[in-house]
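Worksheet: the structure to be examined is printed underneath.
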Amino acid sequence: MLNRDNKTREVTDLKLEVIPRQEHGISRKDISENALKVLYRLNKAGFEAYLVGGGVRDLMLNTQPKDFDIATNATPDEVRKLFRNCRLVGRRFRLAHILFGRDVIEVATFRGHHGSEASEKNASSQSNDGMLLRDNVYGTIDEDAERRDFTVNALYYNIDDFSVRDYAGGVEDLNNRVIRLIGDPETRYREDPVRMLRAVRFAAKLDMTVNDATAAPIPALAHLLRDIPAARLFEESLKLLQSGHGLQTYKLLRDFDLFTPLFPILAEHFTEDRNSKSEQMLELVLRSTDERVATEQRINPAFMFAAMLWYPLETRAEEIAFESGLSYYDAFMVAANDMLDEQVKTIAIPRRFTAMIRDIWQLQLRLSRRSGTRAYKLLEQQKFRAAFDFLEMRGEVEGGQLKELAQWWDDFQKADRDSRNDMVQVLNKASSAKKLRRRRKTKPRRRKPNPES
Ligand code: ATP
Ligand code: MG
Numbered sequence: 138m139l140n141r142d143n144k145t146r147e148v149t150d151l152k153l154e155v156i157p158r159q160e161h162g163i164s165r166k167d168i169s170e171n172a173l174k175v176l177y178r179l180n181k182a183g184f185e186a187y188l189v190g191g192g193v194r195d196l197m198l199n200t201q202p203k204d205f206d207i208a209t210n211a212t213p214d215e216v217r218k219l220f221r222n223c224r225l226v227g228r229r230f231r232l233a234h235i236l237f238g239r240d241v242i243e244v245a246t247f248r249g250h251h252g253s254e255a256s257e258k259n260a261s262s263q264s265n266d267g268m269l270l271r272d273n274v275y276g277t278i279d280e281d282a283e284r285r286d287f288t289v290n291a292l293y294y295n296i297d298d299f300s301v302r303d304y305a306g307g308v309e310d311l312n313n314r315v316i317r318l319i320g321d322p323e324t325r326y327r328e329d330p331v332r333m334l335r336a337v338r339f340a341a342k343l344d345m346t347v348n349d350a351t352a353a354p355i356p357a358l359a360h361l362l363r364d365i366p367a368a369r370l371f372e373e374s375l376k377l378l379q380s381g382h383g384l385q386t387y388k389l390l391r392d393f394d395l396f397t398p399l400f401p402i403l404a405e406h407f408t409e410d411r412n413s414k415s416e417q418m419l420e421l422v423l424r425s426t427d428e429r430v431a432t433e434q435r436i437n438p439a440f441m442f443a444a445m446l447w448y449p450l451e452t453r454a455e456e457i458a459f460e461s462g463l464s465y466y467d468a469f470m471v472a473a474n475d476m477l478d479e480q481v482k483t484i485a486i487p488r489r490f491t492a493m494i495r496d497i498w499q500l501q502l503r504l505s506r507r508s509g510t511r512a513y514k515l516l517e518q519q520k521f522r523a524a525f526d527f528l529e530m531r532g533e534v535e536g537g538q539l540k541e542l543a544q545w546w547d548d549f550q551k552a553d554r555d556s557r558n559d560m561v562q563v564l565n566k567a568s569s570a571k572k573l574r575r576r577r578k579t580k581p582r583r584r585k586p587n588p589e590s
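138 is the number of the first residue of the sequence shown in this note's numbering; add one for each residue after it.
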């Protein structure tokens with residue numbers, strides 16, 4: 138039953154409320170032209186067509202949606218017949234992608250309940266693994282609403298009469314800024330544990346609170362994330378940490394014990410007051426990512442992962458050097474492989490990024506060696522800029538010599554040719570003086586007579 142008391146309301150049975158055109162704030166001019174084209178064409182062909190999910194939710198909140206998803210009663214094949222620029226995708230659930238250059242509008246056929254014999258007939262026979270294999274069952278809009286995760290995500294904008302259909306009290310929850318699962322939370326998390334991450338992601342992104350009943354089962358079920366394919370968690374981790382609310386999302390993930398299953402390596406470096414070097418670095422890199430997203434600068438996942446895993450890497454390298462007697466450099470390389478091998482078990486960072494992560498790490502070792510022509514050569518490295526930005530963050534965490542080193546590189550980059558030469562000359566002199574001292578030290582020295590003997 139739908140209990141309207143906000144604190145205890147549990148959404149078990151859905152009750153549709155239709156909000157007519159003049160009573161909600163969504164106007165067609167806020168919807169992308171391409172999404173409108175798709176909606177209209179489906180509608181003209183006699184199908185039901187709705188804007189759904191984040192598109193409606195964000196428009197109701199007066200924010201710009203990231204993308205526009207569409208739900209319809211047309212099957213993927215019927216959708217394909219209507220659009221020349223259509224591709225069918227998805228193994229878990231077949232979806233139609235309508236392509237407009239780089240813009241992709243996703244069209245999903247209403248999902249039905251699984252399990253019942255009637256609907257089992259049109260289930261995809263190809264689905265063979267994973268939790269949601271029974272998902273490929275088409276249904277009605279009512280059933281589709283029940284399959285959605287949160288009440289605020291179960292709002293449908295109807296292109297036929299411009300009304301909004303609210304199936305689960307989503308408008309009320311939007312007004313009260315509450316993230317609430319549809320149905321029994323534990324059941325819904327067991328069906329798809331990624332919903333735990335989504336709860337946190339939306340809470341951070343929309344500045345909402347996770348309702349008590351929705352929040353309660355999470356810490357105990359967090360371990361279920363270990364069964365999620367690492368490729369899906371990679372995609373999800375980017376949405377969590379690189380969408381402009383990464384720092385807040387990270388804090389919430391920690392609160393809900395959801396961070397450890399994603400980054401087990403980091404968990405060993407976690408402290409009560411969240412202030413270890415690893416934790417400081419995490420906050421720094423997430424804050425800077427958020428700032429870059431806010432100012433529409435490019436962001437690179439490799440940079441974030443490199444920063445996140447840096448202190449665990451250093452610790453591991455020291456351990457290996459100590460245990461095996463390898464040089465620090467060699468131990469560092471072994472540790473770098475270890476770190477990435479372990480991390481990709483939970484989050485499948487693609488190869489193009491792991492290569493870049495290694496570059497950023499290796500350059501950290503080289504940035505302190507600047508004499509002769511080395512500094513000039515480093516400047517020409519493709520990943521120099523990323524490596525330098527990261528060095529600055531390390532300087533911020535550790536202070537001291539690292540901070541000085543980062544400052545040197547900052548000055549060096551900004552300096553003209555003559556000043557650069559001067560800077561390197563100073564280093565050359567210092568390093569030859571050092572060499573000389575070392576040579577002197579190794580020369581057998583005459584012993585001074587000990588006055589006491
Ligand atoms: P975003 O702004 O990040 O795009 P969104 O709500 O649109 O947010 P999507 O991942 O694009 O999220 O999914 C679109 C819609 O599909 C959601 O609003 C929700 O209704 C439904 N959905 C997505 N993932 C799940 C899931 N794991 N379980 C149930 N419903 C889901
Ligand atoms: Mg979306």
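Heads up, the beta-carbon is just placed ideally off N, CA and C, and yes, glycines get one too.
Whole-Å CB distance - residue i paired with residue j, under 8 Å assumed
| i | j | result |
| --- | --- | --- |
| W447 | A473 | With 8 Å as the limit, W447 and A473 do not qualify as a contact, their Cβ atoms being about 10 Å apart. |
| D548 | M560 | 7 Å |
| R302 | V155 | 6 Å |
| A305 | L515 | Between L515 and A305 the Cβ distance is about 56 Å, and since that is not below 8 Å, they are no contact. |
| D427 | G381 | 6 Å |
| N290 | G162 | With 8 Å as the limit, N290 and G162 do not qualify as a contact, their Cβ atoms being about 18 Å apart. |
| S374 | I484 | 5 Å |
| R194 | L311 | 7 Å |
| A245 | A208 | 5 Å |
| V189 | D206 | 6 Å |
| G249 | E215 | Not a contact, Cβ separation roughly 16 Å. |
| V481 | M445 | That pair is no contact at about 13 Å. |
| K414 | V534 | 6 Å |
| R338 | D286 | Their Cβ separation, rounded to whole angstroms, is 11 Å, which puts R338 and D286 out of contact at 8 Å. |
| R613 | D298 | Beyond the ends of the chain as shown, which are 138 and 590, falls residue 613; an answer cannot be given. |
| Q550 | L528 | With a Cβ gap of about 12 Å, Q550 and L528 do not count as contacting. |
The ligand ATP heavy atom lying under 7 Å from the CB of residue i
| i | result |
| --- | --- |
| G190 | yes |
| A565 | One detail in the question is off: residue 565 reads as Asn in this sequence, not Ala. Checking every heavy atom of the ligand ATP against the Cβ of N565, none is found closer than 7 Å. |
| N171 | no |
| A291 | yes |
| E329 | For the sequence presented, residue 329 should be read as Asp rather than Glu. At least one heavy atom of the ligand ATP is nearer than 7 Å to the Cβ of D329, so yes. |
| R369 | no |
| D240 | no |
| D286 | yes |
| R165 | no |
| K152 | no |
| R429 | no |
| K218 | no |
| K572 | no |
| R335 | yes |
| K376 | yes |
| R531 | no |
| R332 | yes |
| R317 | no |
| R194 | yes |
First through last residue of the beta strand (DSSP E) which encompasses residue i
| i | result |
| --- | --- |
| I163 | Neither: I163 is in no beta strand (DSSP E) and is coded neither H nor E. |
| V155 | E154 to I156 |
Residue i beta carbon near the ligand MG (any heavy atom closer than 7 Å)
| i | result |
| --- | --- |
| K592 | What the structure shows of the chain is the stretch from 138 to 590, and residue 592 is not part of that stretch, so it cannot be assessed. |
| D204 | yes |
Segment limits, alpha helix (DSSP H) that includes residue i
| i | result |
| --- | --- |
| K174 | E170 to K181 |
| S415 | K414 to A431 |
| I436 | Element bounds for I436: n/a, residue is neither H nor E. |
| K551 | G537 to K551 |
| Y513 | R511 to L516 |
| R391 | G383 to D392 |
| T397 | F396 to L399 |
Any non-hydrogen atom of the ligand NAP within 7 Å of residue i CB
| i | result |
| --- | --- |
| R314 | In terms of ligand content, the structure shown lacks the ligand NAP and carries the ligand ATP and the ligand MG instead. |
TODO: Please specify which runs of the beta strand (DSSP E), each continuous and at least 3 residues long, are wholly inside the segment 188–252, giving them in chain order.
DONE: 206–209, 223–226, 232–237 and 240–246
Suppose only complete runs of 3+ residues qualify. What are the beta strand (DSSP E) ranges in the segment 281–367, listed by chain order? 292–295 and 301–303
- Is there contact between the segment 177–190 and the segment 319–327, where contact requires at least three CB pairs shorter than 8 Å? no
*In chain order, which alpha helix (DSSP H) runs of at least 4 residues are fully inside the segment 443–492?*
447–461 and 465–483
Exercise. Counting Cβ pairs, one atom from each stretch, are 3 or more of them under 8 Å apart for the segment 478–494 and the segment 432–441?
Worked result: yes
contact_flag[the segment 348–360, the segment 390–398] where n(CB pairs < 8 Å) is 3 or more: yes
Using 8 Å as the Cβ pair cut-off and three pairs as the minimum, do the segment 428–435 and the segment 455–468 touch?
no
Notebook entry, point to check: Should the segment 308–324 be called in touch with the segment 342–352, which here means at least 3 C-beta pairs below 8 Å?
Noted result: yes
- Flag this pair as touching only if the segment 402–416 and the segment 365–374 have three or more C-beta atom pairs under 8 Å; answer yes or no. no
| Hey, is the segment 561–569 in contact with the segment 498–508, meaning 3+ C-beta pairs nearer than 8 Å? | yes
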